[in-house]
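Visitor: Residues 6 to 237 (our numbering) are what the sequence shown spells out, left to right. Pasting a structure here, questions to come.
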Amino acid sequence: MTDWLSPDEWRAVALSLRVSLWAVAASLPFGILTAYALARWEFRGKQVLNGIVHLPLILPPVVTGYLLLLTFGRKGAVGQILDQWFGIVLAFRWTGAALAAAVMAFPLMVRAIRLAVEAVDPKLEQAAGTLGASRPWVFLTVTLPLILPGVLAGTILAFAKAMGEFGATITFVSNIPGQTQTLPSAIYAFLQVPGGEKEAARLVLVAVGIAMAALMLSEWISRAVARRIAGT
Numbered sequence: 006m007t008d009w010l011s012p013d014e015w016r017a018v019a020l021s022l023r024v025s026l027w028a029v030a031a032s033l034p035f036g037i038l039t040a041y042a043l044a045r046w047e048f049r050g051k052q053v054l055n056g057i058v059h060l061p062l063i064l065p066p067v068v069t070g071y072l073l074l075l076t077f078g079r080k081g082a083v084g085q086i087l088d089q090w091f092g093i094v095l096a097f098r099w100t101g102a103a104l105a106a107a108v109m110a111f112p113l114m115v116r117a118i119r120l121a122v123e124a125v126d127p128k129l130e131q132a133a134g135t136l137g138a139s140r141p142w143v144f145l146t147v148t149l150p151l152i153l154p155g156v157l158a159g160t161i162l163a164f165a166k167a168m169g170e171f172g173a174t175i176t177f178v179s180n181i182p183g184q185t186q187t188l189p190s191a192i193y194a195f196l197q198v199p200g201g202e203k204e205a206a207r208l209v210l211v212a213v214g215i216a217m218a219a220l221m222l223s224e225w226i227s228r229a230v231a232r233r234i235a236g237t
């Protein structure tokens, strides 16, 4: 692939993989917790939380990116604190691209995991609780193994979504080659240059290949884990 793609194109692909992996890894614990809370707990503001989680699916990605810029930019409410207290800058950095990708992919992750949690019979968890197991232990030993196919599917779907994220990313971190130029941003940049169609087409093929591989891997892993669970 390094011979087929130019150095700039390869950097865009590598950065997209880096951004997507960090986005998924950082958001997965929160995704599991949020999905479990929405599926099992009853609390005030549950519908509000559900709406906030799924808001990036409804809002135009550019709006989401602008909200991220207002919140996590150098002068934003959170970004100012991160910059002054911890020296962390997200806007116009690859870390900001990872944040934007995580936000956009989070609803897909939560939805897949929530459906898996809802498919688990609560009586199994209750039975474990009556034997003296604590709630965290019940979750780790009973619930998590049963929802593992959903967790894996949600994780891989979120990764694929993060790889394809464009609108929120370019609004929040711009399109700086070698720094914030991800795969979709590179495709967009090539299409703005006369004669850049060949380079864009190569990256499109890479994007399609990665997305298809992720979807097929998600399906294969989910079925393999489901068969293992059914056989135990």
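Every residue gets a Cβ at the ideal spot worked out from N, C-alpha and C, and that includes glycine. Since we're looking at a predicted model, the values are computed, not measured.
Pull up the CB-CB distance for F177 and Y193, whole angstroms please, since I reckon it's below 8 Å.
Guide: Translated into the one-based positions of the sequence shown, residue 177 becomes position 172. Translated into the one-based positions of the sequence shown, residue 193 becomes position 188. Rounded, the Cβ-Cβ distance is 15 Å, inconsistent with contact.
Visitor: List the whole-angstrom C-beta distance separating T119 from A40, where the pair is believed to meet the contact cut-off of C-beta under 8 Å.
Guide: Residue mapping note: residue 119 aligns to position 114 of the sequence shown, counting from 1. Residue mapping note: residue 40 aligns to position 35 of the sequence shown, counting from 1. Per the sequence shown, residue 119 should be read as Arg rather than Thr. So it is a contact: roughly 4 Å between Cβ atoms.
Visitor: Select from A103, T148, Q89, W27 the residue whose C-alpha is nearest the C-alpha of S179.
Guide: By 1-based counting over the sequence shown, the position of residue 179 is 174. Of A103, T148, Q89, W27, the residue nearest in Cα terms is A103.
Visitor: Are three or more beta carbon pairs between the stretch 24 to 32 and the stretch 105 to 116 nearer than 8 Å?
Guide: Counting C-beta pairs closer than 8 Å gives three or more between the stretch 24 to 32 and the stretch 105 to 116, which meets the contact rule.
Visitor: Whole angstroms are fine: how far does the CA of G137 sit from the CA of W99?
Guide: By one-based count along the sequence shown, residue 99 stands at place 94. By one-based count along the sequence shown, residue 137 stands at place 132. Cα to Cα, W99 sits roughly 46 Å from G137.
Visitor: Under a three-way DSSP split, which group does L198 fall into?
Guide: The residue given as residue 198 occupies position 193 in the sequence shown. The residue asked about is misnamed: residue 198 is Val in this sequence, not Leu. Correct three-state label for V198: coil.
Visitor: Considering only residues of the same chain and omitting the five flanking positions on each side of L222, which have a CB-CB separation below 8 Å?
Guide: Counted from its first residue, the sequence shown places residue 222 at position 217. Counting only Cβ-Cβ distances below 8 Å, and skipping sequence neighbours, we find I161.
Visitor: Count the other CB atoms within 10 Å of the CB of V211; is the residue buried (16 or more) or exposed (fewer)?
Guide: Looking up residue 211 in the sequence shown gives position 206. It is buried - the Cβ of V211 has at least 16 other Cβ atoms within 10 Å.
Visitor: Among residues of its own chain, excluding the 5 on either side of A165, which ones have a beta-carbon nearer than 7 Å to its beta-carbon?
Guide: As a working note, residue 165 is residue 160 in the sequence shown. Contacts found: A216, A219, L220.
Visitor: Would R207 and L10 be called neighbours here (beta carbons separated by less than 8 Å)?
Guide: Taking the sequence shown and counting its residues from 1, the one referred to as residue 207 is at position 202. Taking the sequence shown and counting its residues from 1, the one referred to as residue 10 is at position 5. Result yes, Cβ atoms of R207 and L10 sit closer than 8 Å.
Visitor: So, with DSSP's three-state summary, where would you put D126?
Guide: By one-based count along the sequence shown, residue 126 stands at place 121. Of the three classes helix, strand and coil, the one that applies to D126 here is coil, per DSSP.
Visitor: Sorted by chain position, which residues of the same chain lie with C-beta nearer than 7 Å to L1's C-beta, five sequence neighbours on each side aside?
Guide: Outside the shown range of the chain (6 to 237) lies residue 1, about which nothing can therefore be said.
Visitor: Excluding the 5 residues preceding and the 5 following F91 in the sequence, name in chain order all residues of the same chain whose CB lies nearer than 8 Å to its CB.
Guide: Within the sequence shown, residue 91 is the residue found at index 86, counting from 1. If we look at F91 and ignore the five residues flanking it on each side, it has no Cβ neighbours.
Visitor: Looking only at C-alpha atoms, which of V147, P66, L87, L62 sits nearest to P112?
Guide: The residue given as residue 112 occupies position 107 in the sequence shown. Residue L62 is the option with its Cα nearest to P112.
Visitor: In terms of alpha-carbon separation, which member of T185, R232, E202 lies closest to L151?
Guide: Position 146 of the sequence shown, counted from the first residue, corresponds to residue 151. The shortest Cα separation from L151 among T185, R232, E202 belongs to R232.
Visitor: In whole angstroms, what is the alpha-carbon distance linking V18 and Q184?
Guide: Taking the first residue of the sequence shown as 1, we reach residue 18 at position 13. Taking the first residue of the sequence shown as 1, we reach residue 184 at position 179. Taking the straight line from one Cα to the other gives about 12 Å.
Visitor: Return the residue from the list G201, G84, L188, N55 that minimises the CA-CA distance to G239.
Guide: The structure shown has nothing for residue 239, since the chain only spans 6 to 237.
Visitor: What residue range is occupied by the uninterrupted alpha helix (DSSP H) comprising T39?
Guide: One-based indexing of the sequence shown puts residue 39 at position 34. Residues 12 to 45.
Visitor: Determine the contact status of R116 and A96, defining contact as a CB-CB distance below 8 Å.
Guide: Counted from its first residue, the sequence shown places residue 116 at position 111. Counted from its first residue, the sequence shown places residue 96 at position 91. Going by C-beta atoms, R116 is not nearer than 8 Å to A96.
Visitor: Determine, for A19, whether the minimum Cβ-Cβ distance to residues of chain D falls below 8 Å.
Guide: Among the chains of the structure shown, chain D does not appear; only one protein chain is present.
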